[in-house]
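Residue numbers (the numbering used here): 104 to 165. Working notes, structure below.
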């Protein structure tokens, strides 16, 4: 699959969070990240645009 965008984690927070999750939850998180990177139009159930920002989104529904 071709990537249409890049997901960037802020500092160490995502890695710290991910390490605390069990394998099944980690797999779900990676599936959502893959969808975000490859889908041209990402459903709002995965991402919500933060009002007043330029290209900053909050991951939801994970």
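In this text, a Cβ means the ideal position worked out from N, Cα and C, and glycines have one as well.
Give the single residue among 157, 154 and 140 whose Cα lies nearest to the Cα of residue 106. Residue mapping note: residue 106 aligns to position 3 of the chain shown, counting from 1. For residue 106, the closest C-alpha among the options 157, 154 and 140 is that of 140.
To the nearest angstrom, how far is it from the Cα of residue 161 to the Cα of residue 147? Residue numbering aside, residue 161 sits at position 58 when the chain shown is read from its first letter. Residue numbering aside, residue 147 sits at position 44 when the chain shown is read from its first letter. One C-alpha to the other measures close to 10 Å.
Using the Cα positions of residue 122 and residue 136, report the straight-line distance between them to the nearest angstrom. Your numbering for residue 122 matches position 19 in the chain shown. Your numbering for residue 136 matches position 33 in the chain shown. Their Cα atoms are separated by approximately 16 Å.
How close, in whole Å, do the beta carbons of residue 151 and residue 163 come, if the pair is a contact with beta carbons under 8 Å? Within the chain shown, residue 151 is the residue found at index 48, counting from 1. Within the chain shown, residue 163 is the residue found at index 60, counting from 1. The C-beta separation of residue 151 from residue 163 comes to about 5 Å, placing the pair in contact by the 8 Å criterion.
Span of the beta strand (DSSP E), counted from its first residue to its last, around residue 162: As a working note, residue 162 is residue 59 in the chain shown. Start and end: 160-162.
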